[in-house]
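Protein chains in written order, with this note's numbering: chain A, 3 to 373; chain B, 8 to 452.
We put the CB at the ideal spot given by N, CA and C, even for glycine.
None of the values given here were measured: they were computed from a predicted structure.
Read the structure below first, then the notes.
Given below as structure tokens:
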């Protein structure tokens, strides 16, 4: 029977090693035990949606890089598809394959960061440096592709900005050959570690109903056992032509929807991304890479909602156009934002160390929460 | 230390003139100086080693800028810490805040008093040596709680409370594991425990009985928990408590925490070596008293050997170096490399260091010639004092390496799991070992 003592208010953040950015959690704790946990967001609010109303459609593309800087390609892609559907722009097949290729590559490195920081939050520093080592390689590939290592601004309406450089696919395939055995190494090193499992299994369980109620998306939703992936269920780009599995949490280790299943889903997704990448490389068609329009881009009046599967789940762009070169309103729905809402529900009753595990497992990126 | 005082007092007229008590005071001061310097040097060396080990595991290089291989990086860090501003939070309990780090340092420095360097080389061979070590180890917890409390910071307070719970709990299995050894030897003196393990590998307590074998692991795990290392570093868990008890500390007071922490690694390694790995005993069936005569023989041999042979010994490495330099030079000339990109220049520092080592070796060998008649004495002293120390030190370093290795490999436990490990597993196992060791001794008596 726990002895109740005087509670204290603990201010976790905005500067805290485990919030990875400026997030704040107000905790009411009894010693180590959390009675109440309230996320306080908005420290990284940059008014992206307002900026979108001020600039022409194409000028907003670099801002989507900053939406989720760990998955800039996916944000670019989501925005580009939205505008293409609204303005009815055709995309050449080669560009579609390049887009899927870079998006999946970005998913891998985003999950690498997630897995690495997860291990670091659990106290193991080394996996983080190892995952960053692999990420560095992909960054080099991206740099070769578009000159940037973090905020790519690569995808354009109707295609991509540059064609694949000479020998890019060979170098990519060398990376994949190197990377696949690494995943097994991570599993030996950290996923199968007794202490690591002890810390995560059965901690902060989110039931499938709760996950739906709180609009969890992406890996967090699938970890709770709900089989939903936009790439398969609402295929966009060329995902319909590619064969891949959607990993869903089945509680092989621990409970369904605990921190460990959220971690494990990401490892499995990386395997699937590698599979998609190999298919993209195989099927990569020749042809133009950018259906470039000379005219100034205008969108007919109307409302459009397009959602894509980013590494942190469903990324939705809701566009209201009243004609002209700028949107009337652009609302962005992100995975991290909805993940933050469940922290209050699941967080109370945990220990401080478990809360760190919960935040890490939801893979929240601060700029994506606040936009 | 007592022997030294007596010896000085009886042998030298100077000390007889100044009296017994001043003599003792002088010797004490000298010993304190030795201990503190050794402590400081060891913790400095550990910061270097830790960062190198971190580099190896993290697939990066670690310190390599200051000094050869980054060896004197810790001095640069020390200077930096001393020069930084020492900030004391306005709301902190000033006096306790200032005092707490020294309590930690005191506990660690006091532990060094009973740590042996060799069979005849120990500051004080207390007859309650091991008990004394457990007592000095407890200073740590007081220091940590005071630091956590006086900082007037909630994270620091949580860190302090965690450390209190952790260290007090883990002292029990720690003591139980050491009691197994005390039971087997019947003495608490550090030197006594080491002497009891004479006669080769199978006499070390790690291998001598299944129960002391188990006790070694109980000791090792609980000792790591006592000095707050991963996987038991919850008092300073970075990702949870930001920095734990030392969150408000800056400058050298912050450094003091780390000096104590790294010094403690040597202490626990030394105790593990003393109690379970035979201390300064060689892993051969050679009595340590036989080492002196071996040195004697070697000295006689070298004293009789020819000048030519000594020169030959020095010539071999010199030839090797010259060959290496020549190869590099030829490589440069062939590729028309100037200063930049020159192999000769690039390997110059390496060659220089090797050259210095060999020059030192050669000089040492050359020194043999005039000292020919004293060689047996010199080698006897080396074998009596230096060799056992090196043996002890090597073993301690191996243990420390494991401690550092774990630090960069394992995640950390949660606070309740940590207490579970202690109370549910280690303590019952410790009692089991204690009883089992008694049974084992009765069986073989």
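Contacts around residue 340 of chain A, its chain only, beta-carbon distance under 8 Å, and the 5 residues preceding and following it disregarded: 216, 217, 218, 219, 315
CB of residue 441 of chain B within 7 Å of CB of residue 165 of chain B, strictly: no
C-alpha gap between residue 264 of chain B and residue 88 of chain B, whole angstroms: 12 Å
C-beta contact flag for residue 248 of chain A and residue 260 of chain A at 7 Å: no
Exposed unless 16 or more other CB atoms sit within 10 angstroms - verdict on residue 447 of chain B: buried
7 Å Cβ cutoff, residue 65 of chain B in contact with chain A: yes
Nearest neighbour of residue 325 of chain B, chosen from B:294, B:421, B:367, B:268 [CA to CA]: B:367
Residues that residue 495 of chain B contacts on chain A, provided the C-beta gap is smaller than 9 Å: Residue 495 of chain B falls outside the range modelled here, since chain B spans only 8 to 452, and no answer is possible.
Cut-off 7 Å between Cβ atoms - residues of its own chain near residue 342 of chain A, not counting five sequence neighbours on either side: 41, 43, 366, 371
Proximal residues to residue 204 of chain B (C-beta, below 6 Å), its chain only, five neighbours per side dropped: 210, 211, 285, 288
Inter-stretch contact at 8 Å, needing at least 3 Cβ pairs: the region 300-320 of chain A / the region 173-184 of chain A: no
Strand pairing of residue 306 of chain A, partner residues [DSSP]: A:321
Coarse secondary structure for residue 89 of chain B, derived from DSSP in three states: helix
4 or more residues per run - each alpha helix (DSSP H) lying fully within the region 143-198 of chain B: 146-157, 161-192
The region 57-67 of chain A in contact with the region 355-362 of chain A per 3-pair CB rule at 8 Å: no
Under 8 Å from the C-beta of residue 68 of chain B: neighbouring residues of chain A: What residue 68 of chain B touches in chain A: nothing, since even the nearest Cβ is about 12 Å away.
Coarse secondary structure for residue 329 of chain A, derived from DSSP in three states: coil
C-alpha distance - residue 44 of chain B paired with residue 266 of chain B, whole-angstrom precision: 12 Å
Presumed contact (8 Å Cβ cut-off) between residue 1 of chain A and residue 332 of chain A, rounded CB distance: The requested residue 1 of chain A is not part of the displayed model; chain A covers only 3 to 373.
Three-state secondary structure (DSSP) of residue 31 of chain A: strand
Three-state class that DSSP yields for residue 41 of chain A in the structure shown: strand
Burial state of residue 302 of chain A (16 or more Cβ within 10 Å): exposed
Proximal residues of chain A, C-beta to C-beta of residue 161 of chain B below 7 Å: 10, 12
Chain A contact for residue 422 of chain B (CB, 7 Å cutoff): yes
Exposure of residue 217 of chain B, with buried meaning 16 or more beta-carbon neighbours within 10 Å: exposed
Between the CA atoms of residue 176 of chain B and residue 411 of chain B - distance to the nearest angstrom: 23 Å
Distance CB(residue 414 of chain B)-CB(residue 355 of chain A) smaller than 7 Å: no
Chain B contacts from the region 120-149 of chain A (Cβ-Cβ distance under 7 Å): 121, 122, 123, 124, 125, 126, 127, 128, 131, 132, 135
Bridge-paired residues (DSSP) for residue 292 of chain A: A:161
Cutoff 7 Å: residue 515 of chain B Cβ touching any chain A Cβ: Nothing in the structure corresponds to residue 515 of chain B, since chain B is present only between 8 and 452.
Pairwise C-alpha distance: residue 364 of chain B and residue 330 of chain B: 17 Å
Nearest-angstrom Cα separation, counted from residue 75 of chain A out to residue 104 of chain A: 7 Å
Coarse secondary structure for residue 302 of chain B, derived from DSSP in three states: helix
Integer-rounded CB distance, given that residue 241 of chain B should sit under 8 Å from residue 198 of chain B: Incorrect: roughly 36 Å between the Cβ atoms, too far for contact.
Residue-chain proximity (residue 415 of chain B, chain A), Cβ-Cβ < 7 Å: yes
Residue 355 of chain A at chain B interface by Cβ criterion, 7 Å: yes
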